[in-house]
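Novice: Okay, here's the structure, questions in a sec.
In the numbering used here, the protein residues as written are 38 to 451.
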């Protein structure tokens, strides 16, 4: 019953990985622009070696002390400002956000959560309940009573696009804070499934003040954006010049191994230590901790954070040049049928995605409110050469896009 990519055509059987490529059972290589799970590259030798050595030595539950756990905690916490100094290791981003909610409730004595429209925070029940992308979407059961939803700070397709957009979007958070006591405000530092929405500058600073003044805590969901993907910033929230009360991370941390974490302050963690034992059998086990240490080392030794910034700048430059040549308007890789009205080109994006796979063996993903955005979140080893391959393929597809009737195209699940 699991969702499968490209199931409307021919699902892929992937058996190997190699850097920025995935390889199927027939040896065909696909350029991967969508898998931020394998953060430092598919089949990374450093990570594979660390995992192999540790699994041949010991893997156990976390009831026992082990050097890897302590070393990983120390190395991870060096990436945070001083107030954030306590780490809980878990197995997934969903579990990290679930634990963050428990910690926030223990500290504030309130279960009320303010979440952002189109936000997604995982698949356990507690985080589905704070994920408007799910509970307001197909099959969803609607907004739970303890959750307030504020508009997505979208400055391209949203209602507020001017210089005062941050203030106006933050005003919705302020209004939500006027209700009963706030427990937590949670938002992804870069809203991936929402269509790669980056809040306008000043948004988080204003939101954090409103929430803290109301007695709540601020959670930064870095599951999609953390570990240097923003180039200049190791964590996405840093772009907004704020310091959260709780930070969650997941997907990229173990490069495919189940490793995630919650980082918070000493004061908040003490509220959680209330007599009810917290124990996580596998969170931060020696093997996964070895993977995490190797990932951090790969990022530093190969300057992958700087590479992400340089590659991202080059990609944006290439996309801007491509947009000028076509009748399409792109923001990042958001497609609209009309530049002024900004009507989402939903069917056309499905065509583009399918043709990039079938004609050019390039894997992409589709997201956004109307599935009108090609989201690019490749392994961090993705470079300018891969950008050129992607741009040439995209240009080729766009040049003949009118040959297919969009009304006869089914949605491409990615």
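Positions of the beta carbon are idealized from the N, C-alpha and C atoms, including for glycine.
1) May I have the straight-line CA-CA distance separating residue 128 from residue 112, to the nearest angstrom?
2) Going by C-alpha to C-alpha distance, which of 236, 82, 329 and 224 sits closest to residue 137?
3) Mapping the DSSP letters down to three states, classify residue 281 as helix, strand or coil.
4) Looking only at C-alpha atoms, which of 243, 244 and 251 sits nearest to residue 145?
5) Could you check whether residue 382 and residue 392 sit closer than 8 Å to each other, using their CB atoms as the reference points?
6) In its own chain, which residues sit with a C-beta less than 7 Å from the C-beta of residue 50, not counting the 5 before and 5 after it?
7) Out of 273, 182 and 229, point me to the one whose CA is closest to residue 412's CA.
8) Under the three-state reduction of DSSP, which class applies to residue 402: helix, strand or coil?
9) Buried or exposed: where does residue 41 fall if 16 or more other Cβ atoms within 10 Å of its Cβ makes it buried?
10) If you draw a straight line from the C-alpha of residue 419 to the C-alpha of residue 287, how long is it?
11) Evaluate contact between the segment 335 to 343 and the segment 265 to 274, counting only Cβ atoms and requiring at least three cross-stretch pairs below 8 Å.
12) Per the contact definition of three or more C-beta pairs closer than 8 Å, is the segment 200 to 211 in contact with the segment 158 to 170?
13) Could you name the residues of the same chain whose beta carbon sits closer than 7 Å to that of residue 304, not counting the 5 residues immediately before and after it, in chain order?
14) Could you give the residue range of the alpha helix (DSSP H) that holds residue 309?
15) Leaving out the 5 sequence neighbours to the left and right, which residues in its chain are closer than 6 Å to residue 235 when beta-carbon positions are compared?
16) Excluding sequence positions up to five away, which residues of its chain have a Cβ less than 8 Å from the Cβ of residue 399?
17) Which residues mark the beginning and the end of the beta strand (DSSP E) in which residue 68 is found?
18) Distance, Cα to Cα, residue 216 vs residue 322?
19) Please state the DSSP three-state secondary structure of residue 240.
20) Just the C-alpha distance for residue 356 and residue 293, rounded to the nearest angstrom, thanks.
21) Do you know how far the Cα of residue 109 is from the Cα of residue 211?
22) Here's a check: name, in chain order, each residue in its chain whose Cβ is nearer than 6 Å to the Cβ of residue 365, leaving out the five neighbours to either side.
23) Near residue 173, what residues of its chain come up, given a Cβ to Cβ distance below 6 Å and the 5 sequence neighbours on each side ignored?
24) With DSSP as the reference, label residue 231 as helix, strand or coil.
25) On a Cα-Cα basis, can you pick out the residue from 332, 354 and 449 that is closest to residue 417?
26) What span of residues does the alpha helix (DSSP H) with residue 84 cover, start to end?
27) Within 10 Å of its beta-carbon, does residue 261 have 16 or more other beta-carbons around it, so buried, or fewer, so exposed?
28) Could you pull the start and end residues of the beta strand (DSSP E) that residue 152 belongs to?
29) Just tell me which of 131, 194, 48 and 79 has its CA closest to the CA of residue 409.
30) Pick out whichever of 233, 313 and 448 has its Cα sitting closest to the Cα of residue 191.
31) Use the C-beta contact count for residue 367: other C-beta atoms within 10 angstroms, 16 or more gives buried, fewer gives exposed.
32) Would you kindly work out how many angstroms separate the C-alpha atoms of residue 158 and residue 92, rounded to a whole number?
33) Rounded to the nearest angstrom, what separates residue 388 and residue 407 at their Cα positions?
34) So what does DSSP say about residue 157, is it helix, strand or coil?
35) Would DSSP call residue 258 helix, strand or coil?
36) Per the contact definition of three or more C-beta pairs closer than 8 Å, is the segment 268 to 286 in contact with the segment 240 to 248?
Specialist: Straight from the coordinates:
1) Locating residue 128 in the chain shown gives position 91, where the first residue counts as 1. Locating residue 112 in the chain shown gives position 75, where the first residue counts as 1. Going from the Cα of residue 128 to the Cα of residue 112 covers about 18 Å.
2) Against the chain shown, residue 137 aligns to sequence position 100. Comparing Cα positions, the closest option is 224.
3) The residue labelled residue 281 in the question sits at position 244 within the chain shown. Note: residue 281 maps to coil in three-state DSSP.
4) Translated into positions along the chain shown, residue 145 becomes position 108. Nearest of 243, 244 and 251 to residue 145, Cα basis: 251.
5) Position 355 of the chain shown, counted from the start, is the residue given in the question as residue 392. Position 345 of the chain shown, counted from the start, is the residue given in the question as residue 382. Contact flag unset, no.
6) Here residue 50 corresponds to residue number 13 of the chain shown, with the count starting at 1. 61 and 62.
7) For the purposes of this step, residue 412 is taken as the residue at position 375 of the chain shown. For residue 412, the nearest C-alpha among the options comes from 229.
8) Along the chain shown, read from residue 1 onward, the residue named residue 402 stands at position 365. The three-state reading of DSSP puts residue 402 in strand, counting E and B together.
9) Translated into the one-based positions of the chain shown, residue 41 becomes position 4. With fewer than 16 Cβ atoms within 10 Å of its Cβ, residue 41 is classed as exposed.
10) What you label residue 419 is simply residue 382 of the chain shown in a count that begins at 1. What you label residue 287 is simply residue 250 of the chain shown in a count that begins at 1. The straight-line gap from Cα to Cα measures roughly 20 Å.
11) Counting C-beta pairs with one atom in each stretch, the segment 335 to 343 and the segment 265 to 274 have three or more that are closer than 8 Å, which means they touch.
12) Between the segment 158 to 170 and the segment 200 to 211, the count of Cβ pairs shorter than 8 Å is below three; the stretches do not touch.
13) The residue labelled residue 304 in the question sits at position 267 within the chain shown. There are no such residues.
14) Taking the chain shown and counting its residues from 1, the one referred to as residue 309 is at position 272. Where residue 309 is concerned, the enclosing alpha helix (DSSP H) stretches over 303 to 309.
15) Position 198 of the chain shown, counted from the start, is the residue given in the question as residue 235. The answer, listed in chain order, is 227.
16) Locating residue 399 in the chain shown gives position 362, where the first residue counts as 1. Only residues of its own chain outside the window of five on either side were considered, and among them 67, 68, 70, 393, 426, 427 and 430 have a CB closer than 8 Å to the CB of residue 399, listed in chain order.
17) For the purposes of this step, residue 68 is taken as the residue at position 31 of the chain shown. It spans 66 to 69 - the beta strand (DSSP E) in which residue 68 sits, taken as one unbroken run.
18) As a working note, residue 216 is residue 179 in the chain shown. As a working note, residue 322 is residue 285 in the chain shown. When rounded, the distance between both Cα atoms is 41 Å.
19) Against the chain shown, residue 240 aligns to sequence position 203. Here residue 240 sits in helix by DSSP.
20) As a first step, residue 356 is located in the chain shown; it is residue number 319 there, counting from the start. As a first step, residue 293 is located in the chain shown; it is residue number 256 there, counting from the start. Rounded to whole angstroms, residue 356 to residue 293 spans 29 Å at the Cα level.
21) Taking the chain shown and counting its residues from 1, one reaches residue 211 at position 174. Taking the chain shown and counting its residues from 1, one reaches residue 109 at position 72. Residue 109 has its alpha-carbon roughly 37 Å from the corresponding atom of residue 211.
22) Stepping through the chain shown from its first residue, residue 365 is reached at position 328. Unreliable placement is indicated for residue 365, whose pLDDT of 45 sits below 50; the coordinate value is still reported in the next sentence. Contacts found: 372.
23) Start at 1 with the first residue of the chain shown, and residue 173 comes out as number 136. Excluding residues up to 5 positions away in sequence, nothing lies with its Cβ nearer than 6 Å to the Cβ of residue 173 in the same chain.
24) Locating residue 231 in the chain shown gives position 194, counting from the first residue. In this structure, residue 231 counts as coil in the three-state DSSP scheme.
25) Position 380 of the chain shown, counting from 1, holds the residue named residue 417. The candidate whose alpha carbon is nearest that of residue 417 is 332.
26) Indexing the chain shown from 1 puts residue 84 at position 47. Per DSSP, residue 84 belongs to the alpha helix (DSSP H) from 82 to 92.
27) Taking the chain shown and counting its residues from 1, the one referred to as residue 261 is at position 224. Buried, by the Cβ-count rule.
28) Position 115 of the chain shown, counted from the first residue, corresponds to residue 152. According to the DSSP assignment, residue 152 belongs to the beta strand (DSSP E) that extends over 150 to 153.
29) For the purposes of this step, residue 409 is taken as residue 372 along the chain shown, with counting starting at 1. Considering only alpha carbons, the answer is 194.
30) What you label residue 191 is simply residue 154 of the chain shown in a count that begins at 1. Of the candidates 233, 313 and 448, the one whose C-alpha sits nearest the C-alpha of residue 191 is 233.
31) Looking up residue 367 in the chain shown gives position 330. With a pLDDT of 40 at residue 367, under the threshold of 50, the modelled position of that residue is not reliable, and the figure given next carries that caveat. By the beta-carbon neighbour count (other beta carbons within 10 angstroms, threshold 16), residue 367 is buried.
32) On the chain shown, residue 158 is found 121 positions in, with the first residue counted as 1. On the chain shown, residue 92 is found 55 positions in, with the first residue counted as 1. Distance between the alpha carbons of residue 158 and residue 92 is about 30 Å.
33) In the chain shown, counting from the first residue as 1, residue 388 sits at position 351. In the chain shown, counting from the first residue as 1, residue 407 sits at position 370. The C-alpha of residue 407 is placed about 14 Å away from the C-alpha of residue 388.
34) Residue numbering aside, residue 157 sits at position 120 when the chain shown is read from its first letter. Correct three-state label for residue 157: coil.
35) If you number the chain shown from 1, residue 258 lands on position 221. Of the three classes helix, strand and coil, the one that applies to residue 258 here is strand, per DSSP.
36) Note that the segment 240 to 248 touches the segment 268 to 286; at least 3 beta-carbon pairs, one per stretch, sit closer than 8 Å.
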